[in-house]
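Q: If you're matching positions, the sequence shown starts at 354 in the working numbering and goes up one per residue.
Using N, Cα and C, we set each Cβ at its ideal position, and we do this for glycine too.
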Amino acid sequence: MKKRVLSAIFAIVMVCMMTACGSGASTSEASGEGTAEEAVNDGEEAEEAVATSEPDTNDAEEETAEVEENATPEPAKQELEDGYMMIYYDSEGHEIKYEIFAADDTLKESTLMEYDSDGNKVKVTWLDGEGNITGHQDTEYSNGNRIRETYYNSDDEAEEINEWYGNGNKKHEELIRREDSGRVFAFIDDYDENGTLIREAYTYDDGVTLQQETLYDENGDKIKDVYYKSDGVTVASEELANP
Numbered sequence: 354m355k356k357r358v359l360s361a362i363f364a365i366v367m368v369c370m371m372t373a374c375g376s377g378a379s380t381s382e383a384s385g386e387g388t389a390e391e392a393v394n395d396g397e398e399a400e401e402a403v404a405t406s407e408p409d410t411n412d413a414e415e416e417t418a419e420v421e422e423n424a425t426p427e428p429a430k431q432e433l434e435d436g437y438m439m440i441y442y443d444s445e446g447h448e449i450k451y452e453i454f455a456a457d458d459t460l461k462e463s464t465l466m467e468y469d470s471d472g473n474k475v476k477v478t479w480l481d482g483e484g485n486i487t488g489h490q491d492t493e494y495s496n497g498n499r500i501r502e503t504y505y506n507s508d509d510e511a512e513e514i515n516e517w518y519g520n521g522n523k524k525h526e527e528l529i530r531r532e533d534s535g536r537v538f539a540f541i542d543d544y545d546e547n548g549t550l551i552r553e554a555y556t557y558d559d560g561v562t563l564q565q566e567t568l569y570d571e572n573g574d575k576i577k578d579v580y581y582k583s584d585g586v587t588v589a590s591e592e593l594a595n596p
């Protein structure tokens with residue numbers, strides 16, 4: 354009887370053990386399947402991350418082209434008889450500075466240029482080797498045409514004034530000279546639109562003291578020179594014979 358009971362108990366234990374082992378195997382298989390699926394998902398996410406982090410080739414090429422287009426050209430060196438000159442440019446290719454050096458690399462003088470938004474040169478400044486301004490020139494434009502140019506000395510005093518008509522012909526020329534005593538002289542030439550000299554004047558201390566006016570006939574031939582003072586009083590006149 355005892356043997357039968359023991360056999361029955363042993364059979365029950367074996368069945369339980371087999372059932373437990375079977376459940377463990379199923380759990381392991383399920384766990385293995387989940388791990389494989391997770392690995393696949395992780396791989397796909399990694400590929401997406403790499404694809405997202407890769408730069409856009411077209412954008413990079415466009416950016417490089419834009420940088421090259423706006424790049425400032427390298428300075429140019431020009432050999433001189435007793436030294437050399439360095440020429441500098443802006444991103445538009447305009448010359449913006451000259452530097453003249455002696456053979457021993459000592460800076461002798463420099464020139465600075467400024468431009469407006471249309472690329473017209475509007476100012477030129479000259480400096481000595483120590484950076485002191487020795488003079489500057491201002492230029493005015495109208496519809497892209499140069500109409501007035503004024504040169505100033507180191508004291509910012511006008512010394513030369515030139516004006517032009519829209520067709521490019523000279524309109525007015527004025528040379529101003531200053532003496533140490535403070536006296537100011539100016540020599541003035543005026544022209545018509547064809548470039549013919551029609552008036553010459555000499556001024557002293559901002560007052561016209563003597564001027565000459567040339568008169569022409571309807572054919573453009575010179576017929577008379579008239580000389581008069583600042584008060585309008587004629588000093589002399591000269592009739593000119595037509596050829």
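ILE514 to LEU433, Cα distance in whole Å?
A: 31 Å
Q: Based on DSSP bridge pairs, tell me the residues matched to TYR468.
A: Bridge partners of TYR468 according to DSSP: LYS474.
Q: Would you mind reading off the limits of the beta strand (DSSP E) that contains VAL588?
A: Counting along the chain, VAL588 sits inside the beta strand (DSSP E) bounded by residues 587 to 592.
Q: My output table needs one value for ALA456: the three-state DSSP class, helix, strand or coil.
A: In the structure shown, ALA456 sits in coil (DSSP, three-state: anything other than H, G, I, E or B).
Q: Considering only residues of the stretch 499 to 523, which uninterrupted beta strand (DSSP E) runs meet the minimum length of 3 residues and lie entirely inside it, listed in chain order?
A: 511 to 517
Q: Please tell me whether ASP443 and ILE449 are closer than 8 Å, where the distance is taken between their beta carbons.
A: yes
Q: Rounded to the nearest angstrom, what separates SER534 and ARG501 at their Cα positions?
A: 29 Å
Q: Bridge partners of LYS575, per DSSP?
A: TYR569
Q: Tell me the rounded alpha-carbon separation between ASP574 and GLN565.
A: Computed Cα separation, rounded: 17 Å.
Q: Cutting at 8 Å between CB atoms, please list the residues of its own chain near ASP435, excluding the five before and the five after it.
A: ALA455 and ALA456
Q: With DSSP collapsed to three states, give me the class of ASP450.
A: Checking the displayed sequence, the identity of residue 450 turns out to be Lys instead of Asp. If DSSP states are grouped into helix, strand and coil, LYS450 belongs with the strands.
Q: In this structure, how does DSSP classify GLY548 when only helix, strand and coil are distinguished?
A: GLY548 falls in the coil class under three-state DSSP.
Q: Report the rounded CA-to-CA distance for TYR505 versus GLN490, giving the unit in angstroms.
A: Roughly 6 Å between the two C-alpha positions.
Q: Indicate the three-state DSSP secondary structure (helix, strand or coil) for LEU480 in the structure shown.
A: strand
Q: Quick check on GLY535: does DSSP put it in helix, strand or coil?
A: coil
Q: Taking buried to mean at least 16 other C-beta atoms within 10 Å of its own C-beta, is GLY375 buried or exposed?
A: Residue placement at GLY375 is poorly supported in this model, since its pLDDT is 49, which falls under 50; the coordinates are not used for a value here.
Q: Report the three-state DSSP secondary structure of MET582 (helix, strand or coil).
A: Note that residue 582 corresponds to Lys in the displayed sequence, not to Met. In the structure shown, LYS582 sits in coil (DSSP, three-state: anything other than H, G, I, E or B).
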